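Undergrad:
In the working numbering, the protein residues as written are 56 to 237.
This is how it looks when you write it as structure tokens:
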């Protein structure tokens with residue numbers, strides 16, 4: 056568990072467990088992208104973050120679907136594991152920063168939390184490349200926990216958006232007549 060990466064586990068005999076996790080993670084990105092599109096607060100940064108979350112869902116899905124686990128298995132096509140992982144790291148950092156920018160319109164506290172998480176990700180993710188293989192599995196799991204924390208934080212921001220929209224929709228419109236309200 057300390058030395059084996061998630062990719063190594065997914066390429067091994069218990070691959071079904073890792074693949075379920077990979078597809079669930081891809082689904083989580085797609086779910087927050089859908090939620091972000093529905094609860095759009097009207098910011099260009101929010102739109103860009105939404106597209107980033109869609110891209111993250113696709114990237115994670117491709118890693119699982121193509122069996123892109125960095126095991127140099129070239130049976131079906133060219134291996135692009137490293138390229139997908141590097142793209143995932145960059146898009147996650149950028150999407151988190153953009154979501155925090157757009158999220159300031161909804162909840163400044165959660166937006167600050169997202170900026171802090173993005174900063175930690177930007178510093179921590181590149182370290183993985185330089186770690187000895189004896190410890191990279193543990194570090195990758197810590198990065199995974201950080202990525203899950205980002206998804207949960209964006210989800211909290213979306214819940215806050217939903218509550219704000221509910222409050223706006225539940226207010227009576229003084230311009231509507233009594234017949235319109237019926």
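Backbone N, C-alpha and C fix where the C-beta goes; we use that ideal spot for every residue, glycine too. Treat the numbers as computed from the prediction; the structure is a model and nothing was measured.
In this structure, how does DSSP classify residue 233 when only helix, strand and coil are distinguished?
TA: Note that residue 233 scores a pLDDT of 47, beneath 50, so its modelled location is shaky; the value from the coordinates is reported in the next line. Three-state result, residue 233: helix.
Undergrad: So, residue 172 versus residue 205, is the Cβ gap smaller than 7 angstroms?
TA: In contact: residue 172 and residue 205 (Cβ atoms closer than 7 angstroms).
Undergrad: Taking 7 angstroms as the threshold (beta carbon to beta carbon), is residue 159 in contact with chain C?
TA: Of the chains in the structure shown, none is chain C; there is only one protein chain.
Undergrad: Using the Cβ count rule (16 or more neighbours within 10 Å means buried), how would you classify residue 82?
TA: Exposed, since its Cβ has fewer than 16 Cβ neighbours within 10 Å.
Undergrad: Below 8 angstroms, can you find three or more Cβ-Cβ pairs linking the segment 159-174 to the segment 209-221?
TA: At 8 angstroms Cβ cutoff, the stretches touch.
Undergrad: Look up residue 190 in the DSSP assignment and say whether it is helix, strand or coil.
TA: Residue 190 falls in the coil class under three-state DSSP.
Undergrad: Which of the three DSSP states is assigned to residue 94 in this structure?
TA: If DSSP states are grouped into helix, strand and coil, residue 94 belongs with coil.
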